[in-house]
Structure formats: structure tokens, C-alpha cells
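Undergrad:
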């Protein structure tokens, strides 16, 4: 009982601190990090894409709110993040939404779907330069996913269901 | 029995190989390949082939659709390419590669409506049965192939993006397709023959 009260109190406090006054009329939520999405150009994103010498396995999904097959598979990445975060796995969702639609599309989408994984916005129009740096064979279609840890790296230009995704992940954490 | 097993494995191998033919970057056309012609239905009901164009020096073939925001962002620029280059011998031919059962917004009717609303002056064809885009190796919309008509056929001279800024046409610094066509018109080699861009995966 005390615990529930604490949660309610904490979320009330939290929502109070993150709500921007410009967005005061928007739907109130508190469990996501939607208000502080990090925006990067590719140079800024690069540290998220290569191993840092730690023991974590990173699952980096490239997606966008306008990409139907991406949106369809997002719940599987969320599920993976929930099921494996205590097994040293981190899911990062790299959005390729148009930067001018950050407030109108991306943030509302994250709130509505209560995304828990970290969402970053890659805002770098020079795709011809950065796409091959993610993977030399990537044509640029999304969804696409990069899984890596200090031992190996694999890139997938395809869609996943939960089982397929888990099967791939298990190759990295066995 | 042994023979049957061998036949089975041979068949299996063929099936396995053929199921991989359209996957990945290594498939489809490379620069220098001869592109297949097609006979696809246009929004006006006529069938269109490259062979129909007697005076063309080549083509700007654009795989595009109604429903992808990236493709939509480039609609006006595709129209501008046709306006600029059709008279110089490099008309645009747009091909819609998506499965319309997955994307009803890309139906022939929707394509017709979009073309009318935007005033497209180029043919907008339906890749019915989705037989053409895999031969080209298109993976997304928009995806451009600049072809030059040669004695051998329609030779692929450029594959990739239209330019280097999908978000803002006025901030473009590299006009990849224009540069390629200009080079061909000048009888020069295309400098940048392959570029990459984000796009919507083609819906199968």
C-alpha cells in the first residue's frame, strides 16, 4: 500500500518536472523518456554502434514512425528489452523520422505506445556517407537491425518477429 | 532409392538457391549491366515499354510509390527531372513496385489520383506481379536507375538516390541524378555511379 502510494507520488512528481509548458495540452504520460530524446548526426551516433569494450550486447534497430513494417516489429524489440535487460542486453531504437516531425510525429508516437527502450533520433541527411558506415551492404531500406557485442557484430536488413529476434540474440549471449 | 535421394537434394538445392536470388545487395543490376525492358500498365491504361520511345537516349527509371514519406518528399523533384530531361532525351519512367494488397494506398486508382493531383507529366506504371523491381534489384522507394541506350541495350549508368537531402530540396548540395544525366549528355563518364539513401522497403 505504502509502495503504491510512493509510485503514484513519484510519477506525479516526474510528470510535473518533464512536462514542457508548450506541450501542456498534450496527453500526460510519465513512464517514457519521450521528452528528452537525444538527437544526433552520424558522428554523434557512432559511439552507439560499435563495441565499447564492455560485456553488454546491444540491439540497435533503425526504424521510423512512417515505416509500417518497422512499427509492426517494435513490440518485439520492446519485449526483448524487457526480457533481456537483466541479462546485459540493451535495445536502442534509432529513429529516422524527419527531424522537423520530432514534436508532431515521433514524440506523440513514443508517448502513445509507451516505448521503454531508449529512442534516439538520427538527424543526418547525408545518408550516402553514413549508411555504408553502419554496414557496407545496407541498401538503406528499413527496418534494419544491428546486433553487436565485443565478440561479434551482425547486421540485418529485414523484419523480425519475436522468436526470430530472440534466436539471433541468443547467438550473441550464449 | 539412392537416385531419388539425389534428385531430392538436387531439387532442394535449386529451390534453396532460387529463394535467395532476390535478397541482399549483391543481387540485381550493377552499373554496366544491361537492364531489361518491361511492358507495364500506365495510369492511363496503356502499356508502356522503353522500346516505345524512339527518340530516347536513355531513361531515368524511378521506383516510387504514393505511400512512402520519402517518395512523397521527392515527388516534385521527380517531376522536375522529367521537365528538365525528357526533351533532352532522358525521360522519367516511374514504376510503383509495392504489393497493393499490403498497401492499398498504392492501388492503380490511388496512383492515378496522386498523379493527377501532382500533375505528373511522366508515366506512372504498376509493377503488376512484382516481376520487374527484383530484376533491377530495387529494395526501396524511391530508388533510381539511370539507363543509357546503347547498341547492347539499356545500360545501367547510375543507381541510387536523387540527391543528398530528402528533407529540404533547397538545401541539397549534391544532385546525383542530374549529375549523372548531365555527364551522359556531355558524353562523359558518370563520376558517382552508386549512392545510398534511406527509403521504405518495397512491400511484398
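Protein chains in written order, with our numbering: chain A, 45 to 218; chain B, -9 to 194.
Ideal Cβ placement from N, Cα and C applies to all residues, glycine included.
Given the structure is predicted, the values throughout are model-derived calculations rather than measurements.
1) Could you tell me whether the Cβ atoms of residue 40 (chain B) and residue 49 (chain B) are closer together than 7 angstroms?
2) Counting contacts by CB-CB distance shorter than 7 angstroms, is residue 97 (chain B) in contact with chain A?
3) Can you find the residues in the same chain that come closer than 8 angstroms, C-beta to C-beta, to residue 61 (chain B), ignoring five residues on each side of it along the sequence?
4) Check whether the Cβ of residue 188 (chain B) lies closer than 7 angstroms to any Cβ atom in chain A.
5) Which chain A residues sit within Cβ distance under 7 angstroms of residue 20 (chain B)?
6) Mind checking which residues open and close the beta strand (DSSP E) that includes residue 166 (chain B)?
7) Between residue 147 (chain B) and residue 136 (chain B), which are expected to be in contact by the criterion C-beta below 8 angstroms, what is the C-beta distance as a whole number of angstroms?
8) In chain order, which continuous runs of the beta strand (DSSP E) of length 3 or greater are located wholly inside the segment 142 to 184 of chain A?
9) For residue 164 (chain B), which residues of its own chain have a beta-carbon under 7 angstroms away from its beta-carbon, when the five flanking residues on both sides are left out?
10) Cβ closer than 8 angstroms: which chain A residues qualify as neighbours of residue 154 (chain B)?
11) Could you spell out where the beta strand (DSSP E) holding residue 216 (chain A) opens and where it closes?
12) Could you check if residue 96 (chain B) is buried or exposed, using at least 16 other CB atoms within 10 Å of its CB as the buried criterion?
13) Since residue 72 (chain B) is in the alpha helix (DSSP H), which residue starts that stretch and which ends it?
14) At 3 residues or longer, and completely inside the segment 90 to 123 of chain B: list those beta strand (DSSP E) runs for me, N to C.
15) List the residues of chain B that residue 110 (chain A) touches, going by C-beta distances under 7 angstroms, in chain order.
16) Check distances from the C-beta atoms of the segment 116 to 131 of chain B to those of chain A and list, in chain order, the residues that come in under 7 angstroms.
17) Report the residue from B:127, B:35, B:59, B:105 whose alpha carbon sits nearest the alpha carbon of residue 26 (chain B).
18) Determine contact between the segment 176 to 183 of chain A and the segment 138 to 145 of chain B, defined as no fewer than three beta-carbon pairs at a distance below 8 angstroms.
19) Below 8 angstroms, how does it come out for the segment 111 to 119 of chain A and the segment 82 to 97 of chain A: are there three or more Cβ pairs, yes or no?
20) Roughly how many angstroms separate the alpha carbons of residue 182 (chain B) and residue 126 (chain A), rounded to a whole number?
21) Out of curiosity, what's the CA-to-CA distance linking residue 47 (chain A) and residue 160 (chain A)?
22) Near residue 80 (chain B), what residues of its chain come up, given a Cβ to Cβ distance below 8 angstroms and the 5 sequence neighbours on each side ignored?
23) In the DSSP assignment, find the beta strand (DSSP E) that holds residue 151 (chain B) and state where it starts and stops.
24) Under 8 angstroms Cβ-Cβ, which residues of chain A neighbour residue 157 (chain B)?
25) Taking the beta strand (DSSP E) that residue 32 (chain B) belongs to, which residues open and close that run?
26) Short check: CB of residue 197 (chain A) to CB of residue 153 (chain A), under 7 angstroms?
27) Just how far apart, CA to CA, sit residue 135 (chain A) and residue 122 (chain B)?
28) Excluding five sequence neighbours on each side, which residues of the same chain lie with their C-beta closer than 7 angstroms to the C-beta of residue 179 (chain B)?
29) Looking at residue 52 (chain B) and residue 84 (chain B), is the spacing between their C-beta atoms short of 7 angstroms?
30) In angstroms with no decimal places, state the Cα-to-Cα distance between residue 11 (chain B) and residue 214 (chain A).
31) Less than 7 angstroms separating the beta-carbons of residue 121 (chain A) and residue 105 (chain A)?
32) Please list, in chain order, all residues of the same chain as residue 151 (chain B) whose beta carbon is under 6 angstroms from its beta carbon, the five residues on each side excluded.
33) Going along chain A, which residues have a C-beta under 9 angstroms from residue 90 (chain B)?
TA: This is what the structure holds:
1) yes
2) no
3) 54, 55, 131, 132, 189, 190
4) Nearest CB-CB separation between residue 188 (chain B) and chain A: below the 7 angstroms threshold.
5) Residues of chain A passing the Cβ test: none, with the nearest at roughly 13 angstroms.
6) Premise fails: residue 166 (chain B) lies in the alpha helix (DSSP H), 166 to 175, not in any beta strand (DSSP E).
7) 5 angstroms
8) 162 to 166
9) 153, 154
10) Within chain A, the residues near residue 154 (chain B) are 169, 170, 171, 172.
11) That residue, residue 216 (chain A), is in no beta strand (DSSP E); its alpha helix (DSSP H) goes 206 to 217.
12) That one is buried.
13) 65 to 75
14) 114 to 116
15) 59
16) 129, 130
17) Relative to residue 26 (chain B), the option among B:127, B:35, B:59, B:105 whose CA is nearest is B:127.
18) With the rule of 3 Cβ pairs closer than 8 angstroms, the segment 176 to 183 of chain A does not count as touching the segment 138 to 145 of chain B.
19) no
20) 44 angstroms
21) Because residue 47 (chain A) sits at a pLDDT of 48, beneath the cut-off of 50, its placement in the model cannot be relied upon, and the following sentence gives the value as read from the coordinates. Whole-angstrom Cα-Cα distance: 22 angstroms.
22) 46, 47, 48, 49, 50, 136, 171, 174, 175
23) Taken as a continuous stretch (DSSP letters only), residue 151 (chain B) belongs to no beta strand (DSSP E), as it is neither H nor E.
24) 142, 143, 144, 169
25) 30 to 32
26) It is not a contact, given that the beta carbons lie outside the stated cut-off.
27) 37 angstroms
28) Cβ neighbours of residue 179 (chain B) beyond the five flanking positions: 173.
29) Result yes, Cβ atoms of residue 84 (chain B) and residue 52 (chain B) sit closer than 7 angstroms.
30) For residue 11 (chain B), the predicted structure reports a pLDDT of 37, less than 50, and the residue's modelled location is therefore unreliable. A value from the coordinates is still provided. Distance between the alpha carbons of residue 11 (chain B) and residue 214 (chain A): 28 angstroms.
31) Between residue 121 (chain A) and residue 105 (chain A), the C-beta gap is smaller than 7 angstroms, which places the two residues in contact.
32) These residues qualify, in order along the chain: 166, 185, 187.
33) What residue 90 (chain B) touches in chain A, judged by beta-carbon distance under 9 angstroms, is nothing: the nearest beta carbon there is about 14 angstroms away.
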